[in-house]
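Student: So the sequence lines, in the order shown, correspond to chains H and D.
Numbering-wise (my numbering), the first sequence opens with residue 428 and increments by one.
Numbering-wise (my numbering), the second sequence opens with residue 428 and increments by one.
Even for Gly, the Cβ is constructed at its ideal location relative to N, Cα and C.
No experiment lies behind these values; they were computed from the predicted model shown.
Number of protein chains: 2
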Amino acid sequence: MADSEKTPGESGVPDAPGGAARHLRADAKRNIDTLLEAAKEVFATSGVDAPVREVAARAGVGVGTVYRHFPQRADLVAAVFRREVDACAAAAPALAAEHPPCEALSAWLRRYTRFIATKRGLAAALHAGDPAFEPLPAYFQQHLGPALESLLDAAAAAGAVRSDVDPNDLLRAVGNLCLAGSEAGACHSERMVDLLIDGLRYGARPPAAADSPPERNDARG
Amino acid sequence: MADSEKTPGESGVPDAPGGAARHLRADAKRNIDTLLEAAKEVFATSGVDAPVREVAARAGVGVGTVYRHFPQRADLVAAVFRREVDACAAAAPALAAEHPPCEALSAWLRRYTRFIATKRGLAAALHAGDPAFEPLPAYFQQHLGPALESLLDAAAAAGAVRSDVDPNDLLRAVGNLCLAGSEAGACHSERMVDLLIDGLRYGARPPAAADSPPERNDARG
DNA sequence: GTAATATGTGGAACAACGTTCCGTTTAGTC
DNA sequence: GACTAAACGGAACGTTGTTCCACATATTAC
């Protein structure tokens with residue numbers, strides 16, 4: 428097997444084989460950025476099946492430019508997805524710095540909800556078997572899992588939420604809540620997620636006291 | 428809501444509004460049949476995304492003929508699906524008449540497995556949100572559920588299999604087995620389904636003895 | 001600054017697809 | 001056999017993903 432295979436880098440940028448990435452011209456870098464931003468908006472509006480031309484038009488570039496940076500349609504979709512995952516993961520430390528642990532956690536979960544909600548058609552695309560989408564679920568879990576874990580740990584340490592929740596389980600649960608009932612509208616998803624967040628609060632144990640049973644009377648928020 | 432909505436009939440035939448179906452010309456009836464058969468083969472070979480032209484060519488008709496009977500591509504797919512569900516359901520009584528209960532059951536499950544295995548891409552299509560596909564899951568369950576139930580009941584009455592299995596659960600389980608690991612090849616699916624069938628046999632209770640505890644040493648399938 | 005050149009760009013052009021259209025053929029009826 | 005409504009075939013349309021290449025531009029060397 429020749430390893431000349433395409434190995435898309437971490438973020439949205441197409442490829443950076445090895446360490447020394449081939450120098451991208453400044454305008455190219457700018458265009459890639461514009462394209463990803465445009466694609467994100469278009470996909471959110473018209474679903475991930477939106478035509479490439481529409482993305483190109485919104486970005487103000489020709490289709491040739493799109494295909495220069497993203498050899499296949501699916502590469503563009505995957506790049507947008509990765510970039511949004513990165514942005515969502517990056518929001519975690521920022522929120523943690525600005526808010527108390529429990530607020531940071533719930534704010535992040537709401538942000539994550541919004542992210543999932545703009546992914547109309549992506550679930551179907553993922554299951555369609557396109558090889559370009561195959562590594563996405565792992566990317567998802569590897570980046571979002573730790574981000575959520577840090578928030579969960581902090582909130583649990585502060586005694587604001589229970590401490591027996593696996594971050595990846597929670598990610599998946601929220602994801603399913605938002606995608607499964609996509610017909611019922613976004614507000615339904617949000618309400619369900621709020622419910623889930625309240626569930627986290629239930630059975631929280633106070634910060635210092637280590638082994639006294641938690642104050643689980645009938646906490647309901 | 429105007430009920431002039433298209434209400435595709437039971438089997439593969441496009442529509443028969445009300446009771447008196449408009450008389451189809453003999454050649455039309457023949458072509459519909461040929462088309463469904465051709466589409467079944469093409470979809471099995473190239474997946475449900477196969478082009479309409481390919482189906483038309485295989486049936487030896489023009490595309491115009493396809494679209495006369497199936498106004499949309501999805502209608503053709505749905506019709507093929509329903510027809511195969513019907514055929515699969517119809518196989519149950521036939522198998523029950525020719526084989527002892529347990530053999531009939533396992534033979535039918537294998538036939539069902541084959542049916543699922545030829546549905547490459549259909550799972551994705553179902554989740555893609557096309558309105559023409561929306562009623563399919565219900566059709567599936569309503570027709571296949573009772574068919575399997577009768578076989579299960581007969582086999583359980585004969586003491587060949589356990590009696591605590593819900594037919595719809597079993598349908599879904601086999602379906603997931605075959606669709607989820609579609610990359611691993613068909614033989615893997617068949618082996619897993621065989622395992623499932625053996626699981627049914629385990630813990631069967633002899634026909635007459637009504638209330639002696641079943642021979643459930645350490646029931647685990 | 002200017003020239004040289006690799007790099008990037010735009011959009012016409014291609015192929016494949018779903019779908020529509022309409023001139024022609026054919027089954028049903030008298 | 002003649003008539004008519006139904007059905008047929010396939011060319012043609014609009015939309016898509018993708019390729020191609022003449023042209024433009026950033027970068028480098030001088």
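Would you mind telling me which residues of chain H sit closer than 8 Å to residue 554/D, beta carbon to beta carbon, in chain order?
Tutor: Within chain H, the residues near residue 554/D are 550, 551 and 554.
Student: If you draw a straight line from the alpha carbon of residue 437/D to that of residue 599/D, how long is it in whole angstroms?
Tutor: Confidence at residue 437/D is low in this model, with a pLDDT of 45, below 50, so the placement of that residue is unreliable and no value is reported for it.
Student: In angstroms with no decimal places, state the Cα-to-Cα distance between residue 494/H and residue 475/D.
Tutor: Computed Cα separation, rounded: 27 Å.
Student: Which whole runs of the alpha helix (DSSP H) in the segment 491-569 of chain H are 4 residues long or more, in chain order?
Tutor: Within the segment 491-569 of chain H, the complete alpha helix (DSSP H) runs of at least 4 residues are 500-525, 528-544 and 549-554.
Student: What's the gap between the Cα of residue 525/H and the Cα of residue 512/H?
Tutor: Those two C-alpha atoms are separated by around 21 Å.
Student: Thinking C-alpha only, which one of 496/H, 632/H and 472/H is nearest residue 546/H?
Tutor: When only C-alpha atoms are compared, the closest one is 472/H.
Student: Which residue wins for smallest C-alpha separation from residue 470/D, given the options 580/D, 548/D and 628/D?
Tutor: Residue 548/D is the option with its Cα nearest to residue 470/D.
Student: Does the Cβ of residue 638/D have 16 or more other Cβ atoms within 10 Å, making it buried, or fewer, making it exposed?
Tutor: Because the pLDDT at residue 638/D is just 48, under 50, the model does not fix this residue reliably, and the value given afterwards should be weighed accordingly. Exposed, because fewer than 16 other Cβ atoms sit within 10 Å of the Cβ of residue 638/D.
Student: Under the rule that 16 or more other beta-carbon atoms within 10 Å means buried, what is residue 490/D, buried or exposed?
Tutor: Flag for residue 490/D reads exposed.
Student: Would you kindly work out how many angstroms separate the C-alpha atoms of residue 554/H and residue 522/H, rounded to a whole number?
Tutor: For residue 554/H and residue 522/H, the distance between alpha carbons rounds to 33 Å.
Student: Establish whether the CB of residue 630/H and some CB of chain D are separated by less than 7 Å.
Tutor: It does not; no Cβ of chain D falls within 7 Å.
Student: Got a sec? Which residues, its chain only, sit under 6 Å from residue 486/H by beta carbon, not counting five neighbours each side?
Tutor: So the qualifying residues of the chain are 461, 462 and 465.
Student: For residue 581/D versus residue 528/D, is the C-beta distance shorter than 7 Å?
Tutor: Contact: yes.
Student: Go ahead and label residue 450/H buried or exposed: buried means 16 or more other beta carbons lie within 10 angstroms of its beta carbon, across all protein chains shown.
Tutor: So residue 450/H counts as exposed.
Student: Could you check which residue in 538/H, 543/H, 626/H and 595/H has the C-alpha nearest to that of residue 565/H?
Tutor: Answer by Cα proximity: 595/H.
Student: What did DSSP end up calling residue 483/D once you bin it into helix, strand or coil?
Tutor: Here residue 483/D sits in helix by DSSP.
Student: Taking Cβ to Cβ, would you say residue 518/D is nearer than 7 Å to residue 500/D?
Tutor: Contact flag unset, no.
Student: Within the same chain, show all residues whose beta-carbon is closer than 8 Å to that of residue 458/D, passing over the 5 residues directly before and after it, in chain order.
Tutor: Closer than 8 Å at the Cβ level, and outside the excluded window around residue 458/D, lie 486, 488, 492 and 496.
Student: Between residue 646/D and chain H, is the shortest Cβ-Cβ distance under 7 Å, so that the two count as touching?
Tutor: Here residue 646/D scores only 38 on pLDDT, less than 50, and its place in the model is too uncertain to base an answer on.
Student: Cβ of residue 586/D within 7 Å of Cβ of residue 531/D?
Tutor: No, Cβ-Cβ distance for residue 586/D and residue 531/D is not below 7 Å.
Student: Measure the CB-CB distance between residue 588/D and residue 628/D and report whether it falls below 7 Å.
Tutor: Contact: yes.
Student: Between the alpha carbons of residue 619/H and residue 536/H, how many angstroms are there, rounded?
Tutor: So the alpha carbons of these two residues sit roughly 12 Å apart.
Student: The alpha helix (DSSP H) that contains residue 469/H, what's its start and end?
Tutor: Residues 453-473.
Student: Between the Cα of residue 507/H and the Cα atoms of 543/H, 520/H and 533/H, which residue gives the shortest distance?
Tutor: Measuring from the Cα of residue 507/H, the nearest candidate turns out to be 543/H.
Student: With DSSP run on the structure shown, which of helix, strand or coil describes residue 589/D?
Tutor: Coil at residue 589/D, not helix or strand.
Student: So residue 550/H and residue 560/H are in contact, right, with Cβ under 8 Å, and what is the actual spacing, rounded?
Tutor: The Cβ separation is near 11 Å, so there is no contact.
Student: If you check the beta carbons only, do residue 570/H and residue 505/H fall under 7 Å apart?
Tutor: No, the pair does not count as a contact, with Cβ atoms beyond the cut-off.
Student: In its own chain, which residues sit with a C-beta less than 8 Å from the C-beta of residue 484/H, not counting the 5 before and 5 after it?
Tutor: Cβ within range, chain order: n/a, list empty.
Student: Using C-beta distances below 7 Å, list every residue in its chain close to residue 617/D, excluding the 5 sequence neighbours before and after it, in chain order.
Tutor: Correct list, in chain order: 540.
Student: According to DSSP, simplified to helix, strand and coil, what is residue 476/D?
Tutor: Coil at residue 476/D, not helix or strand.
Student: Looking at residue 583/D: is its Cβ nearer than 7 Å to the Cβ of residue 577/D?
Tutor: For residue 583/D and residue 577/D, no; Cβs fall outside 7 Å.
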